[in-house]
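**Student:**
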Amino acid sequence: MKPDMVRHDDRPVFGEPSTDLFLYAGWCVDPPRRLPFVRRSAKRQRMVERCREFAAAAEGREGVVTATAYETELIPPLPDIPRYDVLMLIRTRTLDALHRAEASVRGLAPDFVMPARNSRRIGDTDRTRRASFLFNHFAAQRPAVAIEAFDQVAGWFPDKLGVDNTTLLQPVDEAAVPYAFVNYVRVPGSARGFMLDMLTRPSFHTHVRRILRTYDMSALPLLAKPAITAPPGRSPAAHDSRSAWE
Numbered sequence: 000m001k002p003d004m005v006r007h008d009d010r011p012v013f014g015e016p017s018t019d020l021f022l023y024a025g026w027c028v029d030p031p032r033r034l035p036f037v038r039r040s041a042k043r044q045r046m047v048e049r050c051r052e053f054a055a056a057a058e059g060r061e062g063v064v065t066a067t068a069y070e071t072e073l074i075p076p077l078p079d080i081p082r083y084d085v086l087m088l089i090r091t092r093t094l095d096a097l098h099r100a101e102a103s104v105r106g107l108a109p110d111f112v113m114p115a116r117n118s119r120r121i122g123d124t125d126r127t128r129r130a131s132f133l134f135n136h137f138a139a140q141r142p143a144v145a146i147e148a149f150d151q152v153a154g155w156f157p158d159k160l161g162v163d164n165t166t167l168l169q170p171v172d173e174a175a176v177p178y179a180f181v182n183y184v185r186v187p188g189s190a191r192g193f194m195l196d197m198l199t200r201p202s203f204h205t206h207v208r209r210i211l212r213t214y215d216m217s218a219l220p221l222l223a224k225p226a227i228t229a230p231p232g233r234s235p236a237a238h239d240s241r242s243a244w245e
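The C-terminal residue of the sequence shown carries number 245 in numbering that gives the first Met the number 0, and the numbering is unbroken.
1) Rounded to the nearest angstrom, what separates V112 and L34 at their Cα positions?
2) Tell me the DSSP secondary structure of S217 in three-state form.
3) Output the distance between the C-alpha atoms of H136 and I121, rounded to the nearest integer angstrom.
4) Can you look up L124 in the DSSP assignment and give me helix, strand or coil?
5) For the beta strand (DSSP E) containing R90, name the first residue and the last one.
6) Quick one: which unbroken beta strand (DSSP E) runs of 3-plus residues sit fully inside the stretch 144-222? Chain order, please.
7) What whole-angstrom Cβ distance do P114 and L20 have, given they're in contact under 8 Å?
8) With DSSP as the reference, label G62 as helix, strand or coil.
9) Taking the alpha carbon of A190 as the point to measure from, which residue in A174, L160, V176, L211 has its own alpha carbon closest?
10) For I89, is the classification buried or exposed, using 16 other Cβ atoms within 10 angstroms of its Cβ as the cut-off for buried?
11) F132 and P225 - do their beta-carbons sit closer together than 9 Å?
12) At which residues does the beta strand (DSSP E) containing F134 begin and terminate?
13) Tell me the rounded alpha-carbon separation between M46 and D84.
14) Who does R116 pair with in a DSSP beta bridge?
15) Assign A108 to one of three DSSP states: helix, strand, or coil.
16) Express the C-alpha separation of F180 and P157 in angstroms, rounding to a whole number.
17) Need the endpoints of the alpha helix (DSSP H) that F36 sits in, please.
18) Which residues does DSSP list as the beta-bridge partners of E101?
19) Thinking C-alpha only, which one of Y183, Y69, R129 is nearest F53?
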């Protein structure tokens with residue numbers, strides 16, 4: 000961790016937000032019923048492959064910076080947790096490209112779609128895809144002040160867990176989604192190790208959760224890995240995925 004990453008009051012030094020726009024989507028295909036760990040599923044794998052092929056085709060389109068499909072690894076058994084076991088994140092340069100991406104993604108019948116902008120940033124979350132990623136959904140009864148709570152707790156993660164990045168996704172239309180924002184983070188180590196490290200630290204409960212409760216907020220995390228490798232015998236992008244963009 001860099002010495003200036005966190006101030007004494009745990010408020011991080013944020014970088015300039017990205018001017019790119021984002022489309023975050025989720026599918027509830029075959030999530031676990033009890034355990035938090037997502038087991039293999041043929042039904043889910045078919046959807047993951049469709050999304051992976053779609054993302055590969057999307058990255059070749061004008062205005063698209065990156066497009067990545069994710070397979071969820073861990074869904075904590077929390078009240079109101081989103082049960083999306085397949086995710087996609089598309090990053091675009093322009094609003095027109097964002098609109099085209101949203102229209103195309105809806106052809107895959109997602110259960111959740113959120114066009115977003117970046118309002119807080121630390122480091123480079125997309126530095127590598129060879130990692131697990133946190134998608135932390137923040138529900139807030141008072142969305143107008145939710146960002147104040149985020150600013151107070153954001154520094155805890157680099158300070159205590161060694162996280163060196165964050166990309167806060169703020170919905171373009173806040174009234175259209177149930178979350179004040181979604182924090183997109185590349186985590187150090189494995190998904191299980193990260194979650195265990197976080198939950199076993201007393202200060203997570205006495206500091207982070209206490210502040211969120213004060214602001215009438217709850218954090219609903221999913222941990223996922225990029226689906227970046229095609230199964231044997233499959234092409235990088237299938238014809239039906241390409242045609243959605245044509």
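Think of the CB as a built atom: it goes at the ideal place given N, C-alpha and C, for glycine as much as any other residue. Owing to the predicted nature of the structure, the values given are computational and were not obtained by experimental measurement.
**Tutor:** With the given structure in hand:
1) Locating residue 112 in the sequence shown gives position 113, where the first residue counts as 1. Locating residue 34 in the sequence shown gives position 35, where the first residue counts as 1. If I take the Cα positions, the gap works out to 26 Å.
2) Counting from 1 along the sequence shown, the entry for residue 217 is found at position 218. The answer is strand: DSSP assigns S217 an E or B state.
3) In the sequence shown, residue 136 corresponds to position 137, counting from 1. In the sequence shown, residue 121 corresponds to position 122, counting from 1. Those two C-alpha atoms are separated by around 18 Å.
4) In the sequence shown, residue 124 corresponds to position 125, counting from 1. Checking the sequence, you will find Thr at residue 124 rather than Leu. Helix at T124.
5) If you number the sequence shown from 1, residue 90 lands on position 91. Residues 85-91.
6) 165-170, 180-186
7) Within the sequence shown, numbered from 1, the residue matching residue 114 stands at position 115. Within the sequence shown, numbered from 1, the residue matching residue 20 stands at position 21. Indeed they touch by this definition, with Cβ atoms about 7 Å apart.
8) Here residue 62 refers to the residue found at position 63 when the sequence shown is read from its first residue. G62 carries a coil assignment under DSSP once its states are collapsed to helix, strand and coil.
9) As a position in the sequence shown, residue 190 is number 191, starting the count at 1. Ranked by Cα distance from A190, the first of A174, L160, V176, L211 is L160.
10) Working through the sequence shown from its first residue, we reach residue 89 at position 90. That one is buried.
11) Position 226 of the sequence shown, counted from the start, is the residue given in the question as residue 225. Position 133 of the sequence shown, counted from the start, is the residue given in the question as residue 132. Contact: yes.
12) The sequence position of residue 134 within the sequence shown is 135, counting from 1. For F134, the enclosing beta strand (DSSP E) covers residues 131-139.
13) Locating residue 46 in the sequence shown gives position 47, counting from the first residue. Locating residue 84 in the sequence shown gives position 85, counting from the first residue. Rounded to whole angstroms, M46 to D84 spans 10 Å at the Cα level.
14) As a working mapping, residue 116 is identified with position 117 in the sequence shown. According to DSSP, R116 bridges with L20, Q169.
15) On the sequence shown, position 109 is the one that residue 108 refers to. Correct three-state label for A108: coil.
16) Here residue 157 corresponds to residue number 158 of the sequence shown, with the count starting at 1. Here residue 180 corresponds to residue number 181 of the sequence shown, with the count starting at 1. Near 19 Å, if we compare the C-alpha coordinates of F180 and P157.
17) Start at 1 with the first residue of the sequence shown, and residue 36 comes out as number 37. First-last for F36: undefined, no H or E at that position.
18) Within the sequence shown, numbered from 1, the residue matching residue 101 stands at position 102. In the DSSP output, where bridge partners are listed per residue, E101 has none listed.
19) Residue 53 sits at position 54 when you count from the first residue of the sequence shown. Nearest C-alpha to F53 among Y183, Y69, R129: Y69.
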